[in-house]
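Asker: Could you have a look at this structure, given as structure tokens, before my questions?
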Amino acid sequence: MSDFQASPELLAIYLEDARQHLEALDHCLLTLEREGTDPEAVTAVLGPLHTLKGNSGMIGFAGIKDYVHRIEDVFARVQEGALALDREAFDRLFAGATALRDAIEQASREGREVRSLAAEDADLQRMCMSEAAPLSEAAPAAASVALPMSVASASAVSPAPAGPRPSRIESHYTARSSVVRVEFAQLDHLLNLVGELIIHRTKLQELGRALAEMPGAREAARDLLSAVHQVAGVSQQLQETVMDVRMLPIRHVFERFPRLVRDLARETGKEIELILEGEGTRIDKAIIDEIGEPLVHLIRNSVDHGIEPPALRVTNGKTPTGTILLSATQESNHVVITIMDDGAGIDAGTVRRKAVERGLLKADDALSDRDVVQLIFSQGFSTREAITGVSGRGVGLDVVLKSIERLNGLVEVETVPGVGTKFIIQLPLTLAIISALLVDVTDRTYAIPLGSVVESIQLRGAEVHTINGRETLRIRERIVPLLRLARLFGLPEKEQAEREYAVIIGRGDKRVGVVVNRLRGQQEVVIKALDPAVSGAEVAMAGATIMGDGRVVLILDVASLFDGKRLATLHGRRPPALEA
Amino acid sequence: MLRKILAVDDSALIHQMYKLFLSRYKNCKLVSAMNGLEALDKLGQEEGIDLILLDINMPVMNGLEFLQRIQKEPAYQTIPVIIISTEGKEEDTIRGLKMGAKGYVKKPFQASELHGLIEKITTA
Numbered sequence: 009m010s011d012f013q014a015s016p017e018l019l020a021i022y023l024e025d026a027r028q029h030l031e032a033l034d035h036c037l038l039t040l041e042r043e044g045t046d047p048e049a050v051t052a053v054l055g056p057l058h059t060l061k062g063n064s065g066m067i068g069f070a071g072i073k074d075y076v077h078r079i080e081d082v083f084a085r086v087q088e089g090a091l092a093l094d095r096e097a098f099d100r101l102f103a104g105a106t107a108l109r110d111a112i113e114q115a116s117r118e119g120r121e122v123r124s125l126a127a128e129d130a131d132l133q134r135m136c137m138s139e140a141a142p143l144s145e146a147a148p149a150a151a152s153v154a155l156p157m158s159v160a161s162a163s164a165v166s167p168a169p170a171g172p173r174p175s176r177i178e179s180h181y182t183a184r185s186s187v188v189r190v191e192f193a194q195l196d197h198l199l200n201l202v203g204e205l206i207i208h209r210t211k212l213q214e215l216g217r218a219l220a221e222m223p224g225a226r227e228a229a230r231d232l233l234s235a236v237h238q239v240a241g242v243s244q245q246l247q248e249t250v251m252d253v254r255m256l257p258i259r260h261v262f263e264r265f266p267r268l269v270r271d272l273a274r275e276t277g278k279e280i281e282l283i284l285e286g287e288g289t290r291i292d293k294a295i296i297d298e299i300g301e302p303l304v305h306l307i308r309n310s311v312d313h314g315i316e317p318p319a320l321r322v323t324n325g326k327t328p329t330g331t332i333l334l335s336a337t338q339e340s341n342h343v344v345i346t347i348m349d350d351g352a353g354i355d356a357g358t359v360r361r362k363a364v365e366r367g368l369l370k371a372d373d374a375l376s377d378r379d380v381v382q383l384i385f386s387q388g389f390s391t392r393e394a395i396t397g398v399s400g401r402g403v404g405l406d407v408v409l410k411s412i413e414r415l416n417g418l419v420e421v422e423t424v425p426g427v428g429t430k431f432i433i434q435l436p437l438t439l440a441i442i443s444a445l446l447v448d449v450t451d452r453t454y455a456i457p458l459g460s461v462v463e464s465i466q467l468r469g470a471e472v473h474t475i476n477g478r479e480t481l482r483i484r485e486r487i488v489p490l491l492r493l494a495r496l497f498g499l500p501e502k503e504q505a506e507r508e509y510a511v512i513i514g515r516g517d518k519r520v521g522v523v524v525n526r527l528r529g530q531q532e533v534v535i536k537a538l539d540p541a542v543s544g545a546e547v548a549m550a551g552a553t554i555m556g557d558g559r560v561v562l563i564l565d566v567a568s569l570f571d572g573k574r575l576a577t578l579h580g581r582r583p584p585a586l587e588a
Numbered sequence: 145m146l147r148k149i150l151a152v153d154d155s156a157l158i159h160q161m162y163k164l165f166l167s168r169y170k171n172c173k174l175v176s177a178m179n180g181l182e183a184l185d186k187l188g189q190e191e192g193i194d195l196i197l198l199d200i201n202m203p204v205m206n207g208l209e210f211l212q213r214i215q216k217e218p219a220y221q222t223i224p225v226i227i228i229s230t231e232g233k234e235e236d237t238i239r240g241l242k243m244g245a246k247g248y249v250k251k252p253f254q255a256s257e258l259h260g261l262i263e264k265i266t267t268a
């Protein structure tokens, strides 16, 4: 077909463009299904389709090009009023859009067309033909040919508040002038270089200070430090700019959910409206890449276990259509994503019973209902008997918890039986650089992510009490368990250390005190990933960082400290690392 | 002797392909614009453009409107324009040719087709 070989680079550009065009197609179909024939929505999708057709032809995917052409035909007929879309037609178009997506993804991977779209093409062709005859006579009544509202809303899945919809479709197809495409790996490399720069800057600063101590070198030291100060300013800006470049709006993740919820609702016979909020919230691309799956899981969970069937909702005095609100906001240096449904809620009693059955909880454990509900994130909680096509394919919410913790995030659930459930996910803005508190434990330095540090206090022997064989510290009204890092890491403990500090770490409303010998101060550190073989120890490390003097400092994985605590309280025994 | 070609298309893929296809014209600079409006800007900024490759279906300002605008400008109306059309929009291509475009190729086109047309037009 073409007299050139489609290079991986061209295929990557093609695929990235095509994904945007496919999103525009999904959005258009959802709008038409919900709101009836909307000429603006149809016009908005024709541009992306036309470009997709041209691109597919140029890269040599003739089958895909022809199928996109067929879809264009369908929309052209809808626009002319020669074709009305009924429920079956929408199903066919949605299935076609999915097939097209599969075909494009596969072809881009393989460099040639693998999946045939002939069957889908014939389907759409039949659709155009069968409608043409009777409707050409009805053409003058074009406006009323539109999908009846009642049918549309009965199966409606609303992707967003109705107002700004058309402009959102438009936004997929605006000019991308003055935009340069860059491989993400290059940005990663750039950030690593910035990290190195910051390390060397710190080193220079230390040298300058040492020089200032030397007699006769004051003048030179002052000049050096002033130059370093300049470099510090510029490198700070450089770091911020690079970080900013890595950020993408969370829309990139959210935009696939309207279609997902629509399909799941059809599958389960439920009526669900999905509302998206805060899609412009920006977050590191590395997080964007990872957060999709956990969100899909939670949304599936809300559809399957949250929202009740329409009849049951009506019996319970609710509207037949359930609502799922997916929102994102930035709060200081975190992004908070919430998934809220107005469904059945989670019954703490049922969770408690199941948890006891599965050995996750002792029957006489005095955990509050709120804490009991969090057990749905425990490994082994997922109930086999509840397997359906939508969620619970033997994969539990523990997978969600693990994915989110891998991103240094937190997830919590709040629920009111009969009213609804809310999942709250807190994520860092970036995975690349964190503020950390540097602490010394038996002559070794560790970094603790500052976001988890609640406070640091000097430890005096008298305040430490041993309860149930465990050291605890009383802080105001709380009893906080203490962890001795030296013991945890198997380091020799200083006999009668002159000074000890407890760094109080918080996770949700839980607290743990980490005992260290010295607080070295706060610092921005660039996280370097660790080999899983190293980080997979009893207390996992979140990564490592390199100090100004070239030393490697390990960054504590805060979540694992709480895992230890959870194990200890839930199983009534201490994990091996905690045995004194 | 081609010195500068202005390529107007809203697809990043097509721009990448132009880069590939037009690499045979050594010392020829390829200027890219994603729509008609941006192309007008580029015409103002870049001196000595001696060929325009023009897509029709683009957001912000489409190819036909761009063509209409440059045909009114004495400085630009002599620059030859090649329309890059896509299947199903034949009427637009005809309108473009009537408005003064010198020729057209239809996507998907091969490098040799584009070269042939460019040579025909620029040596005429």
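Note that the protein sequences, when read in sequence, are chains A and B. Residues 9 to 588 in the numbering used here are what the first sequence lists, from first letter to last. Residues 145 to 268 in the numbering used here are what the second sequence lists, from first letter to last. Beta carbons: idealized from backbone N, C-alpha and C, even for Gly. Note that the structure is a prediction, hence the values are computed from the model and not measured.
If distances are taken between C-alpha atoms only, which option among B:T266, B:L261, B:I226, B:L258 comes closest to L197 of chain B?
Answerer: Answer by Cα proximity: B:I226.
Asker: Does DSSP put V204 of chain B in a helix, a strand or coil?
Answerer: In this structure, V204 of chain B counts as coil in the three-state DSSP scheme.
Asker: Closer than 7 angstroms by C-beta to S15 of chain A: which residues in its own chain qualify, once you throw out the five before and the five after it? Chain order, please.
Answerer: Result list for S15 of chain A: empty, nothing under 7 angstroms.
Asker: Just the chain B side, please: which residues come within less than 7 angstroms of H58 of chain A by C-beta, in chain order?
Answerer: Result: N201, T230.
Asker: Quick check on L261 of chain B - is its C-beta less than 9 angstroms from some C-beta in chain A?
Answerer: No, L261 of chain B lies away from the interface with chain A (no Cβ there is under 9 angstroms from its Cβ).
Asker: Pull up the CB-CB distance for L246 of chain A and V202 of chain A, whole angstroms please, since I reckon it's below 8 angstroms.
Answerer: So it is a contact: roughly 6 angstroms between Cβ atoms.
Asker: Please classify R270 of chain A: is it buried, with 16 or more other beta-carbons within 10 angstroms of its beta-carbon, or exposed?
Answerer: With 16 or more other Cβ atoms within 10 Å, it is buried.
Asker: Which word fits H197 of chain A, buried or exposed, when buried means at least 16 other C-beta atoms lie within 10 angstroms of its C-beta?
Answerer: That one is exposed.
Asker: If distances are taken between C-alpha atoms only, which option among A:N200, A:I332, A:E118 comes closest to G428 of chain A?
Answerer: Measuring from the Cα of G428 of chain A, the nearest candidate turns out to be A:I332.
Asker: Under the three-state reduction of DSSP, which class applies to I296 of chain A: helix, strand or coil?
Answerer: If DSSP states are grouped into helix, strand and coil, I296 of chain A belongs with the helices.
Asker: Going along chain A in order, which residues have a C-beta closer than 7 angstroms to the C-beta of S155 of chain B?
Answerer: By Cβ distance, chain A contributes D25, T59, G62, N63.
Asker: Please name the residues in the stretch 178-206 of chain B whose beta-carbon is closer than 7 angstroms to at least one beta-carbon of chain A, in chain order.
Answerer: Residues M178, N179, E182, N201, P203, V204.
Asker: Do you know how far the Cα of E182 of chain B is from the Cα of A59 of chain A?
Answerer: The amino acid occupying residue 59 of chain A in the given sequence is Thr; Ala does not appear at that position. Each residue's alpha carbon lies about 18 angstroms from the other.
Asker: Would you call the CB atoms of G325 of chain A and G314 of chain A closer than 9 angstroms?
Answerer: It is not a contact, given that the beta carbons lie outside the stated cut-off.
Asker: Per the DSSP calculation, P489 of chain A is bridged to which residue(s)?
Answerer: In the DSSP output, where bridge partners are listed per residue, P489 of chain A has A:T480.
Asker: According to DSSP, what are the bridge partners of Q434 of chain A?
Answerer: Per DSSP, A:V344, A:L418.
Asker: Suppose the cutoff is 7 angstroms on Cβ atoms and the five residues either side in sequence are ignored; what does the same chain contact list for R209 of chain A look like?
Answerer: Excluding positions up to five away in sequence, the list reads V236, V239, A240, S243.
Asker: What's the gap between the Cα of I214 of chain B and the Cα of L195 of chain B?
Answerer: Rounded to whole angstroms, I214 of chain B to L195 of chain B spans 13 angstroms at the Cα level.
Asker: Suppose you measure from the CA of R592 of chain A to the CA of H35 of chain A; what does that come to, to the nearest Å?
Answerer: Residue 592 of chain A lies beyond the stretch modelled for chain A, which goes from 9 to 588, so this question has no answer here.
Asker: Taking the alpha carbon of L57 of chain A as the point to measure from, which residue in B:S256, B:D154, B:K242 has its own alpha carbon closest?
Answerer: Nearest of B:S256, B:D154, B:K242 to L57 of chain A, Cα basis: B:D154.
Asker: What residues of chain B sit near H342 of chain A, judged by a beta carbon separation below 7 angstroms?
Answerer: Chain B residues near H342 of chain A: none, gap ~33 angstroms exceeds 7 angstroms.
Asker: Which residue comes first and which comes last in the alpha helix (DSSP H) that contains Q160 of chain B?
Answerer: Q160 of chain B -> alpha helix (DSSP H) spans 156-165.
Asker: Give me the chain B residues within the contact set of Y22 of chain A, using Cβ-Cβ distance strictly less than 7 angstroms, ordered along the chain.
Answerer: Per Cβ cutoff of 7 angstroms: L157.
Asker: Using a beta-carbon distance below 9 angstroms, is M145 of chain B in contact with chain A?
Answerer: So no, M145 of chain B is outside the interface.
Asker: By DSSP's criteria, E281 of chain A is part of a beta bridge. Which residues make up the other side?
Answerer: In DSSP, E281 of chain A forms a bridge with A:T331.
Asker: Just by C-beta distance, which residues in the stretch 237-265 of chain B are closer than 7 angstroms to chain A?
Answerer: Within the stretch 237-265 of chain B, the residues whose Cβ lies closer than 7 angstroms to some Cβ of chain A are K251, P252, Q254, A255, S256, listed in chain order.
Asker: Are L435 of chain A and I280 of chain A touching if we call contact CB-CB under 9 angstroms?
Answerer: Against a cut-off of 9 angstroms, the Cβ pair of I280 of chain A and L435 of chain A comes out as no contact.
Asker: With 16 as the cutoff for other CB atoms within 10 Å, does N476 of chain A come out buried or exposed?
Answerer: Exposed, by the Cβ-count rule.
Asker: Output the residue ranges of the alpha helix (DSSP H) runs that lie fully inside the stretch 11-71 of chain A and measure 4 residues or longer, sorted by chain position.
Answerer: Runs of the alpha helix (DSSP H) inside the stretch 11-71 of chain A: 16-43, 47-67.
Asker: Is DSSP giving T289 of chain A helix, strand or coil here?
Answerer: In this structure, T289 of chain A counts as coil in the three-state DSSP scheme.
Asker: Using the three-state DSSP reduction, which class does H180 of chain A fall into: helix, strand or coil?
Answerer: Summary for H180 of chain A: the model assigns pLDDT 44, below 50, so the residue's position carries little reliability, and this model does not support an answer.
Asker: Are I193 of chain B and I149 of chain B close, meaning C-beta to C-beta below 9 angstroms?
Answerer: Yes.
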